[in-house]
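Asker: So the number in our numbering is just where the residue sits in the first sequence, counting from 1, plus 558. After the structure tokens below, expect a handful of questions from me.
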Amino acid sequence: MQKYDPHEIELRWQAVWERTGASIVREGPPEDNGSAAPRYYALEMFPYPSGDVHMGHVRNYSIGDVISRYKRMCGFEVLHPIGWDSFGLPAENAAIKQSSTPATWTYANIERQRASLKRLGFSYDWDRAVITSDVDYYRWGQWIFLKFWEMGLVERRSSPVNWCPSCLTVLANEQVVGENQCWRCKSTLERKDLEQWYFRITSYAQELLDDLELLKGVWPERVRQMQANWIGRSTGAEVDFVLCDAAGEPTDETITVFTTRPDTLFGCTFFLLAPEHPLVRNLVAGTPYEGEVKRVIEAAASQSAVERSKGERTKNGAFTGRFVINPINGEKVPVWISDYVLMDYGTGAVMAVPSGDERDFEFARAFGLPIPPVVVAPDDPLFATLEGVRERRVDDVPWSEAFAGAGIMVQSGPFTGLAGGKDSAGAQAVIDALAQQGVGRATVNFRLRDWLISRQRYWGNPIPVIYCEQCGIVPVPVESLPVVLPMDIDVVRNETLASRADFLNVECPVCGRPARRETDTMDTFTCSSWYYLRYTDPHNDELPFAREAVDAWMPVDQYIGGIEHAILHLLYSRFFTKALRDAGLLSFGEPFSRLLAQGMVKLEGEVMSKSKGNVVAPEDMIAAYGADALRVFILFMAPPDKDVDWEEKGLAGIYRFLVRVWRMVHDLVGAACEDTFFEKGVGENAASAPAAAAAIAASAPALTPAAQEACALVLRERHRVVGKVTEDIERFNFNTAIAAIMELANATGDYLRLASPPSRMADETRHAFDLEVAEVLVKLLAPMAPHFSEELWQGLLGHDTSVHTQAWPDFDPDLAQSQTVEIAVQVNGKVRAHINIASDTSDEKLRAAALAAVAAQIAERPVRKVVVVPGKLVSVVI
RNA sequence: GCCCGGGUGGCGGAAUGGCAGACGCGGAGGUCUCAAAAACCUUUGUCGAAAGACGUGUGGGUUCGACUCCCACCCCGGGCACCA
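Written out as structure tokens, the structure is:
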């Protein structure tokens, strides 16, 4: 028997698969060498070419490869592509460090990763590889930018933005992590006012939220929750307050607030503006209040967002000297400013209801403002004294904190007695009343902000825009695309796109005068927001993708990737898909039908990272155990969505398992080899299941009773395990699928030990049975250990087509059943006996047998009840 | 504070309301060997000599029967957070 040599086998089969194009998708009608099979699109998040492939990649891509190979064996035409998300800042940093260029570094890493992925035997259609820094790809990103421009989804505006002082660029809100830190380098961010380019993702806020419902059950719940959270929809009302002049007389001006609690409007005793609110300086200019107001404004401005959100939240504030009129009751309330009011949410103005809002409550206590209760819980002692009070009398509450829950409205004029709370009947009644007078309206507010896509970096997709002194901001005409990124910018000497005259200077496409290009590039997340569409039509040089191609394959049937993209990439991709649908380029609204968020691979509880020096390199593991063992092990460690801790001893265990199966399959086949039977050809003799069952009975005399029993078990296991593995792969429980294969191997091992070759070779049918067991084992392992299985399938079993093109094994549940079953007998819920009994025993006989088995325990006590669970147990109650 | 996810042997983890701990790692003992490694066999939740008792974060409940369902709570991980 040949020794199991993973390296020799793996390299040899990888070469064969590459030569025969084993993973190339066959498209088009069958007569043109295409496929009539149903399509399946399996996709893993493409890597950033930061260096070597790491264990996280191995896990991600092993999962995707099992699904792809399994689906192919089930008869699907599978699209399983890969590519590289190759623009981005790390390339610039690495180039500086190595005195190279971002392009050199990036493309060298891509080649390294490509070699590693091939070494792992992943079944990608390499002809479709998409590299986002290739002009053939990013030109279509520019094309989509222009399409979005046409649709009004692109906007240039000045706003406060997050600036990373280390990466020297602005970031999108989604790229701010933890306590105001850069998602990539973890530096604390600064706030700047800059004019930047935005994609209007907020136009899709409602649909992005609504469609999360479609993803229920097929996307992980936590991802759906995170996105819903991030979009942050609040229902409520806008209310217009009339501003009074310095003398306290009403003016024509109104200030609008957003509130989720219009039912508490009667409890509004003051009004707040954000320190940055554009009205504030005018309101206080030249008044005695100016000094104090300015002090609060400056204090707020000097505080970083971290300081503002951290620690004690003491409320700073100042009275402006002005008043506004509460439209619901005509009361004049004072206008204050406070740093807890945010300019970029709602309208930057707030109606303060201290009895119903924790922050307003604190502020009122700090500055001695009244706190009249307007919504009170019926079980609050206060309720009895206020029930039915329509006019305000009690102007303070004996509470230590605000009451923000649902209750009954009091001291609220005509609304008194209605249910109060978020989205309550009372809230609706107040909105209706305000709407009737034209001073308020129902509205919805989102937390989601527009997507800031400008990056002040070189290594990215150029924003196709030209600035002309005459014509202003002009998009690059679509026929002038692509705007080619110079590949040789010298980042080592601080060269930038702006310092390159041949890039910067351009003719205005409208008036022809000298103009200059935009030198910012797009956020790399714009590149990864549609790459999965390009895979369906990767060589199209007229469009990003043809509609027929994209509609044929999309949406992705199964997407697999890390949880770190729960919001970023997955939200942006959903937005792109919806926008491209509205552009008429495709006909679906959600890109990923199913999502699997795989867990991380850690070492001693820590995230592996080069900087920590705690990295386990996949290539070291391949060198020691082979790619197949590594793939099987990483799937076996835990269910795919859980974090796992790397444990090399477990990998050694899987290697032992493969060696064991290797020997076992040789043993099953090798016995046959010595027999003339083998000469008829192994392939045609795999037994049908009923034939095998007959064989066990017919050839029984040749085997010892123990061997017969072991053999019968192998037959049952062969059917049970195929069923179990099929079900487990469908549910992505690869760990239990592998465990089940081990159980089949264990049963087979016992059979081989007990049935020594001479007796086992007593007849032909038994050989056929042996061969079938061998073939089933090999097929079950094929998606996970593709080279190992291919070698056994073609090299040993003698087939001349790939195991990966074979039909997935079927199974007969009836043959998985044993003739006899062990039934547990419980007395008062405790197992007291076991009985072995024919599996087709009637319930009555089973009941009688069970009662006999526990007669001692029952003794003289009367039996009150007997529950019979066929095939499982009998429960006796005495 | 709000919203998710999760607590099972020494470890990773299995279990449609039906014998908790499948499968693997690790441990112990053995076979083979001059010896070692490899391989193979037996064993391995805790207490107990055994019979047996106890055991899935805690406390209740439903049920003939609960890791699983219901209620309350504790702990761990993650996301959001002065969002009106």
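Yeah, the Cβ is synthetic: ideal placement off N, Cα and C, and Gly gets one too.
(1) Tell me the rounded alpha-carbon separation between R677 and S1400.
(2) Relative to the C-alpha of A1295, which candidate in V1190, R782 and P778 has its C-alpha closest?
(3) Alpha carbon to alpha carbon, what distance is there between D915 and F961?
(4) Tell me, please, which residues DSSP counts as bridged to G1153.
(5) For the beta strand (DSSP E) containing C722, list its first residue and its last residue.
(6) Assuming the contact rule is C-beta atoms closer than 8 Å, P639 and L601 should be a hit. Round their C-beta distance to whole Å, please.
(7) Using the Cβ count rule (16 or more neighbours within 10 Å means buried), how would you classify P912?
(8) Could you name the residues of the same chain whose beta carbon sits closer than 8 Å to that of C802, not counting the 5 residues immediately before and after it, in chain order?
(9) Tell me whether F1004 sits in a helix, a strand or coil according to DSSP, three-state version.
(10) Reducing DSSP to helix, strand and coil, say where R1074 ends up.
(11) Give me, in chain order, the residues of the same chain whose beta-carbon lies closer than 8 Å to that of A763; leave out the 5 immediate sequence neighbours on both sides.
(12) I'd like to check one pair, G1184 with H565: are the Cβ atoms closer than 8 Å?
(13) When the Cα of A1073 is compared with those of M1045, V1042, C1029 and E1037, which residue comes out closest?
(14) Write down every uninterrupted run of the alpha helix (DSSP H) in the segment 891 to 936 whose length is 4 residues or greater and which is fully enclosed by it, in chain order.
(15) Could you pull out every residue in the same chain whose Cβ sits closer than 6 Å to the Cβ of P1195, ignoring the five residues on either side in sequence?
(16) With 16 other CB atoms within 10 Å as the buried threshold, where does I1192 fall?
(17) Specify whether the segment 1082 to 1096 and the segment 625 to 642 touch according to this definition: at least 3 beta carbon pairs, one from each stretch, less than 8 Å apart.
(18) For K1170, is the classification buried or exposed, using 16 other Cβ atoms within 10 angstroms of its Cβ as the cut-off for buried?
(19) Which word fits S982, buried or exposed, when buried means at least 16 other C-beta atoms lie within 10 angstroms of its C-beta?
(20) Would you mind stating whether I855 and V838 have Cβ atoms separated by less than 8 Å?
(21) Could you give the residue range of the beta strand (DSSP E) that holds F1103?
(22) For Q733, which three-state DSSP category applies?
(23) Taking DSSP as the reference, what is the three-state secondary structure of A977?
(24) According to DSSP, simplified to helix, strand and coil, what is S1057?
(25) Since I believe Y847 is in contact with T878 (beta carbons under 8 Å), could you give me their beta-carbon distance rounded to a whole number of angstroms?
(26) Find the nearest neighbour of S896 within the set P885, R1405 and A922, judged by alpha-carbon distance.
(27) Quick one: residues in its chain with C-beta nearer than 6 Å to the C-beta of L1302, no 5 flanking neighbours on either side, listed in chain order?
(28) Give me, in chain order, the residues of the same chain whose beta-carbon lies closer than 6 Å to that of R950; leave out the 5 immediate sequence neighbours on both sides.
(29) Spell out a yes or no on whether the segment 1403 to 1416 and the segment 1381 to 1391 are touching, meaning 3 or more CB-CB pairs, one atom from each, closer than 8 Å.
(30) Please return the same chain residues whose Cβ sits closer than 7 Å to the Cβ of T974, not counting the five positions on each side in sequence.
(31) May I ask you to verify whether the segment 693 to 707 touches the segment 1039 to 1049, counting CB pairs closer than 8 Å and requiring at least 3?
(32) Express the C-alpha separation of V688 and R672 in angstroms, rounding to a whole number.
(33) Pull the bridge partners of M967 from the DSSP assignment, please.
(34) Run through DSSP, which three-state label would M1080 get?
(35) If L752 and S716 are in contact, beta carbons under 8 Å, what's the gap, nearest whole angstrom?
(36) With distances taken Cα to Cα, identify the nearest neighbour of D1046 among R749, Y1016, D918 and V1219.
Answerer: According to the structure shown:
(1) 57 Å
(2) V1190
(3) 7 Å
(4) Correcting the residue type first, residue 1153 is Leu in the shown sequence and not Gly. L1153 is bridged to Y1117.
(5) For C722, the enclosing beta strand (DSSP E) has its first and last residue at V712 to C722.
(6) The Cβ separation is near 7 Å, so the contact holds.
(7) buried
(8) The answer, listed in chain order, is P808, T809, R880, F881, V882, I883 and K890.
(9) strand
(10) strand
(11) I789, R791, F1004 and L1006
(12) yes
(13) C1029
(14) 916 to 925
(15) The sequence shown places Met at residue 1195, not Pro. Excluding sequence neighbours, M1195 sits near V1202.
(16) With 16 or more Cβ atoms within 10 Å of its Cβ, I1192 is classed as buried.
(17) yes
(18) exposed
(19) buried
(20) yes
(21) Here F1103 belongs to no beta strand (DSSP E), and DSSP marks it neither H nor E.
(22) helix
(23) A977: strand per DSSP, three-state reduction.
(24) Here DSSP, grouped into helix, strand and coil, assigns S1057 to helix.
(25) 6 Å
(26) A922
(27) E1275 and V1279
(28) P930 and Q969
(29) yes
(30) G946, V947, R948, M967 and V968
(31) yes
(32) If I take the Cα positions, the gap works out to 12 Å.
(33) Answer is V933, bridged to M967.
(34) Correct three-state label for M1080: strand.
(35) Contact between L752 and S716 is confirmed by a C-beta separation of about 7 Å, below the 8 Å threshold.
(36) Y1016
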